[in-house]
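Notes follow once the structure below has been shown.
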DNA sequence: TGTTAGCACTCAACTATAAAGAGTGCTAAC
DNA sequence: GTTAGCACTCTTTATAGTTGAGTGCTAACA
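Chains as they are written, first to last, in my numbering: chain S, 1 to 345; chain C, 346 to 690.
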């Protein structure tokens, strides 16, 4: 048995759509006039009264119109929202093809997303979690410093300086490089266990201390990505929405964007909860980040195969244009999925 | 002949200090009471009238107190400000020692600076401009991709992927690496001219196309730093100052911080104008960035020897605590100077 | 029984007006 | 040259009145 009959649903839909447009509380008269229900405002009023009792809408104050409650938004997102037919977006495609470094791609994506939606966009590099070492190289940079370069399957490049007591000769360096690569290539962070390490050190002989350093560097590189890189764009867009732009709230929000740590919570949350479509909508209090309880957050997970995942997110006011946002995220997600797929082949 | 006699100077000083504290226009009575001049408010009023005529202070409206004009601030910064005796700041020292990657150091610095001052801090990596190649390495990452790693004198590491038609064998790679290093090491961007390039390509023989790619990568790396990395922190601090936090201004400012491009202007300006102390103060319209005409900007240049310079800056309201800010910048500048000096040895 | 017209009521938002307070400029006296 | 005093200005705050959008309820209607 449904809680809402068809008419109530229609009215709720009308209220929410109107509110998304205007940002103003919407009254019975408006609905009566601008919907195809052909009901008088009085009737609408009765229905609205019911809807309020059921918790889908609320009044900011007596004698104001109604605005959607979180429950209302939720209902809208789950049941009322029209799926847009995916449009072509050649531009983005082009962009991905023509920039090679992943960072750049991601930064650009964030920018485009923010510009398209007028909300704030965030995007993370695919998590190293189960990423594998693809290539590893030690080089003598000067008398006392070695440079370790680590390339992973996803073509993420990390480098780390290692200080040494004295320079290694070329031959030793070459041997070490071969050793490291044969031992570690194709392994993920978890797969490099004590056994691997012991074997490696044994083979390295007197240079085992360098191996240690390399492993530390490796761990460091992986670690560094645990508290992972988050690119944001359009953070100032939130100032465009009066309900978010009072000094207090804006400051908290902007801080969350600057202190990217907080965003990590969001990312983890998103990665944890598996959704088939890969799109998630957090409305108000549902958001994993406390500071964002007055916002809605929409996230998507893109995949690079084998458990390597990244997150894209849009943060905006509760009355955000969910359809547009979801649509944007979906296209982008697909694009990332396929592009990275292509690169792997 | 001085424009301001001693008494006027004292009064101006009192006005500015008071305004820096309170942010409110200051009236004659306040000065009369809280200064050691022992003059009646009427006398102060006469003097203030003179000061206004001379352009050092101004009235927001009739029957309000006076606030310092840009000229007033300028006079204050140039003549009235007390130099604080440099304090010890072990904490920062510690931090620099314990982080190895320059990026990290700079990010941290920015954070500390913002936290200390309650304004917005920005800091740039030392400009590549005349930086030299210290080490260069090509590695075969997979069948079709070469990784070029470039390390510069300042231990900045850049990497770039190069796509190749087919894999190179180890020997060729080794030869190329030696060739590249012997030819390019120690050269700065300007020193790598057509002559160098021609010679290099000739020596590379059939692999001259790869040399081209490497040079492109090199140019790219140098280029990438032309529009250089700027780290900001405490951007939301500007919201703490009512005179800057109205939606309009705040948005513009925050945008400037997000779109780091604009900050580059500031950096270049700073680098261009040589000051012996290395500290510069831009008040209001003096700022090279249009958006910051309601702010003051204080910048410092730190040096890494041989023309490699970076910039540190603080952006805040005109009524910022100049003494504190200048002091902070000075210490930090010195610290960076010496630390980097140490690293080079 | 569901729908509607009509009306009294509420409350935010706006406007006008008054009063208070801070500060100035000027004049005249010290 | 300095100061007391006073009229004047202009912002800020408070108060009250007005408007208008919107509701809830009742009674009439189909």
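We put the CB at the ideal spot given by N, CA and C, even for glycine.
When CB distances to chain C are screened at a threshold of 7 Å, the residues of the segment 159–180 of chain S falling below it are 159 and 161, in chain order. With respect to the 7 Å criterion, residue 595/C and residue 623/C are not classified as neighbours on the basis of their beta carbons.
Chain S has no Cβ within less than 7 Å of the Cβ of residue 469/C. Among the CB atoms of chain S, none fall inside 7 Å of the CB of residue 636/C. Each of 658/C, 547/C and 618/C was checked against the Cα of residue 637/C, and the nearest Cα belongs to 658/C. At least one CB atom of chain S sits nearer than 7 Å to the CB of residue 581/C.
It is roughly 50 Å from the alpha-carbon of residue 337/S to the alpha-carbon of residue 63/S.
Secondary structure remark: continuous beta strand (DSSP E) runs of at least 3 residues inside the segment 395–430 of chain C: none found. Counting C-beta atoms within 10 angstroms of its own C-beta, residue 254/S has 16 or more neighbours from the protein chains shown and is therefore classed as buried. Contact annotation: in the segment 585–596 of chain C, residues whose CB is within less than 7 Å of a CB in chain S are 590, 592, 595 and 596. In the structure shown, residue 158/S adopts extended strand secondary structure according to DSSP, grouped into three states. Residue 32/S is positioned such that its CB atom lies no closer than 7 Å to that of residue 14/S. In terms of CA proximity to residue 555/C, 522/C leads the group 522/C, 541/C and 538/C. The three-state reading of DSSP puts residue 142/S in strand, counting E and B together. Per the DSSP secondary-structure output, residue 231/S pairs in a beta bridge with 123/S. For residue 258/S, the residues of chain C that pass the 9 Å Cβ criterion are 577, 578, 579, 580 and 581, in the order they occur in the chain. Taking a Cβ-Cβ cut-off of 8 Å, the neighbours of residue 487/C in chain S comprise 134 and 135, given in sequence order.
In this structure, the straight-line span from the alpha carbon of residue 229/S to that of residue 424/C is close to 46 Å. Note on geometry: alpha-carbon atoms of residue 462/C and residue 669/C lie some 7 Å from one another. Secondary structure of residue 192/S (DSSP, three-state): coil.
Under a criterion of Cβ atoms nearer than 9 Å, no residue of chain C is adjacent to residue 183/S; the nearest Cβ is some 17 Å distant.
Taking 7 Å as the cut-off, the beta carbon of residue 507/C is found closer than this to the beta carbon of residue 558/C. Only buried fits residue 552/C, as 16 or more other CB atoms lie within 10 angstroms of its CB. Put simply, of 321/S, 153/S and 288/S the residue whose alpha carbon is nearest the alpha carbon of residue 309/S is 153/S. Bridge pairing for residue 147/S: 139/S and 161/S [DSSP]. By alpha-carbon distance to residue 387/C, the top candidate from 397/C, 401/C and 372/C is 372/C. Shortest Cα-Cα distance from residue 302/S to any of 181/S, 270/S and 59/S involves 270/S. For the C-beta of residue 151/S, the chain C residues within less than 7 Å are, from N- to C-terminus, 486 and 492. Checking the DSSP bridge columns, you'll see residue 645/C partnered with 624/C and 657/C. According to the DSSP secondary-structure assignment, residue 371/C is paired through a beta bridge with 411/C. Contact annotation for residue 116/S against chain C: no contact, minimum CB-CB distance about 16 Å [criterion: below 7 Å]. For the C-beta of residue 403/C, not a single chain S residue is nearer than 7 Å; the gap to the nearest is close to 27 Å. From the beta-carbon of residue 554/C, no residue of chain S is found nearer than 7 Å; the closest lies around 18 Å away. A Cβ-Cβ distance of about 5 Å is found for the pair residue 528/C and residue 545/C, placing them in contact under the 8 Å criterion.
For residue 592/C, the enclosing alpha helix (DSSP H) stretches over residues 592–603.
Against chain C, the beta carbon of residue 281/S has no neighbour under 9 Å; the closest one sits roughly 25 Å away.
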